[in-house]
Ligand SMILES: *Cc1c(COP(=O)(O)O)cnc(C)c1O
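Residue numbers (UniProt numbering): 1 to 218.
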């Protein structure tokens with residue numbers, strides 16, 4: 001699909017959900033994609049991107065930003081505390097804050113650096129062993145902890161289990177956000193973004209549907 005086709009599908013899904021067109025932000029997930037494909041999407045005017053590795057983003061985004069200074073990049077993959085400083089220099093938002101040690105590190109660095117990216121708390125809605133994210137029953141406590149640290153929490157993020165109906169997980173994430181007074185919902189990918197928009201997604205992470213299949217998976 002082209003960027004334009006995805007944007008049209010976004011607008012249609014927003015209208016069908018009774019939402020304002022443009023109320024869901026499209027994050028173009030450029031991980032692993034060849035530079036020329038990413039450059040093409042930048043040239044078409046898109047400005048919001050997602051990467052899941054700090055190192056990979058550090059290797060390509062400073063260069064792209066020389067040409068497209070208003071481009072914005074969000075971290076959507078796991079973050080190790082020893083890379084937090086670099087991540088805070090590179091990214092405008094971090095979608096994967098999921099443990100006290102990381103939250104405390106970001107809060108300390110924010111003091112020192114004088115700025116902090118927007119923060120999303122990742123929730124492991126499917127309670128999968130191998131997946132990052134705070135367990136749903138621990139989310140309220142962790143959100144409170146992040147607030148006590150004065151982190152700029154925008155909302156919640158989830159990656160539903162591959163073999164389950166994503167809508168159930170989107171609905172659960174929405175509930176947790178609502179009871180915590182959070183409006184941001186980072187959810188939905190190439191295969192299910194319309195369902196995510198129907199359930200209130202504000203940040204939708206679409207990779208392969210825009211750029212084509214990745215050459216390899218991370
Ligand atoms: C890769 C990735 C995506 C995009 O996946 P597609 O299926 O290519 O749209 C979204 N979210 C996260 C966290 C990812 O790592």
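Backbone N, C-alpha and C define an ideal beta-carbon position, used for all residues, glycine too.
- For residue 139 and residue 206, the gap between their C-alpha atoms comes out near 25 angstroms.
- Secondary structure of residue 51 (DSSP, three-state): strand.
- Taking a contact as a CB-CB distance under 8 angstroms, the pair residue 87 and residue 118 does not count as one, their CB atoms being some 12 angstroms apart.
- By the Cβ rule, the segment 94-109 counts as touching the segment 149-157, because three or more pairs are nearer than 8 angstroms.
- By alpha-carbon distance to residue 3, the top candidate from 111, 200, 15 and 38 is 38.
- The segment 135-192 contains, as complete alpha helix (DSSP H) runs of 4+ residues, the segments 139-148 and 166-179 (chain order).
- Between the segment 48-67 and the segment 75-89 there are three or more inter-stretch CB-CB distances shorter than 8 angstroms, so the stretches are counted as touching.
- Relative to ligand 1, residue 208 has its C-beta within less than 8 angstroms of a heavy atom.
- Residue range 3-16 is occupied by the alpha helix (DSSP H) that includes residue 10.
- Beta-bridge pairing by DSSP links residue 72 to 48.
- Boundaries of the alpha helix (DSSP H) around residue 105: 100-113.
- The residues 3, in chain order, have a CB closer than 6 angstroms to that of residue 44 in the same chain once the five nearest residues on each side in sequence are set aside.
- It is roughly 30 angstroms from the alpha-carbon of residue 103 to the alpha-carbon of residue 195.
- Cα atoms of residue 191 and residue 131: separation of roughly 19 angstroms, rounded to the nearest angstrom.
- For residue 211, the enclosing alpha helix (DSSP H) stretches over residues 208-211.
- When secondary structure is reduced to three states using DSSP, residue 93 falls in the strand class.
- When secondary structure is reduced to three states using DSSP, residue 215 falls in the coil class, being assigned neither helix nor strand.
- Shown here, residue 199 sits in coil according to DSSP, grouped into three states, outside any helix or strand.
- Here residue 203 is near residue 120, since their CB atoms are less than 9 angstroms apart.
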